[in-house]
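**Student:**
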Amino acid sequence: MEAKSHSQTLEITVMSGENISVDQSSVAANVYVVVGAESLNSCTTKMVNEDGGVHAWNETFLLDVPSYARSVTFEVQCKKYKGVRPIGVARIALSDFLGGNNVVSESVPQMYCYGLRNWEGRQ
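Mapping the sequence shown onto our numbering, position 118 (from 1) lands on 118, and the numbers just tick up by one.
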């Protein structure tokens, strides 16, 4: 018999991103975020454009996190006329979200702010 993999569910709200650009000179348009936890399942925000230097999504997801996952990845992408362009990624250790007993506190909302890095690791 096959052992059943246990998972837990995190409620994650993707709020906003500031100063997101495709390269050093251009502001990114049609920007969205893909959130995943080391599995094929992921959640995607709607596409937004900058308003006063801020891309604001304010979308909440219930993300299933498999027992083997060690991090949650937030990938910022923009839709271009010839496809999708990755802008940056923030990979956050699950230990940042979970307490010492690996359980999320449901009674206390937590807020985090992370910087994006490109796929080479540069800010």
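Beta carbons: idealized from backbone N, C-alpha and C, even for Gly.
Can you tell which of 112, 57, 82 has the C-alpha that lies nearest to the C-alpha of residue 98?
**Tutor:** Here residue 98 corresponds to residue number 98 of the sequence shown, with the count starting at 1. Closest by alpha carbon: 112.
**Student:** I need the DSSP call for residue 42, collapsed to helix, strand or coil.
**Tutor:** For this step, residue 42 is matched to residue 42 along the sequence shown. The answer is strand: DSSP assigns residue 42 an E or B state.
**Student:** Specify, as a first and last residue, the run of the beta strand (DSSP E) that residue 7 falls within.
**Tutor:** Locating residue 7 in the sequence shown gives position 7, where the first residue counts as 1. Element bounds for residue 7: 7-18.
**Student:** Taking the straight line between their C-alpha atoms, what separation do you get for residue 90 and residue 117?
**Tutor:** Numbered from its first residue, the sequence shown carries residue 90 at position 90. Numbered from its first residue, the sequence shown carries residue 117 at position 117. Answer to the nearest angstrom: the Cα atoms are 6 Å apart.
**Student:** Buried or exposed for residue 55, please, with buried defined as at least 16 other CB atoms from any protein chain shown within 10 angstroms of its CB.
**Tutor:** Residue 55 sits at position 55 when you count from the first residue of the sequence shown. That one is buried.
**Student:** Following the continuous alpha helix (DSSP H) through residue 95, name the residue where it begins and the one where it ends.
**Tutor:** Position 95 of the sequence shown, counted from the first residue, corresponds to residue 95. Unbroken alpha helix (DSSP H) run through residue 95: 94-97.
**Student:** Taking the beta carbon of residue 18 as the centre, do at least 16 other beta carbons fall within 10 Å, making it buried, or is it exposed?
**Tutor:** Within the sequence shown, residue 18 is the residue found at index 18, counting from 1. Label assigned to residue 18: exposed.
**Student:** Whole angstroms are fine: how far does the CA of residue 51 sit from the CA of residue 123?
**Tutor:** Translated into the one-based positions of the sequence shown, residue 123 becomes position 123. Translated into the one-based positions of the sequence shown, residue 51 becomes position 51. Approximately 22 Å between the Cα atoms of the pair.
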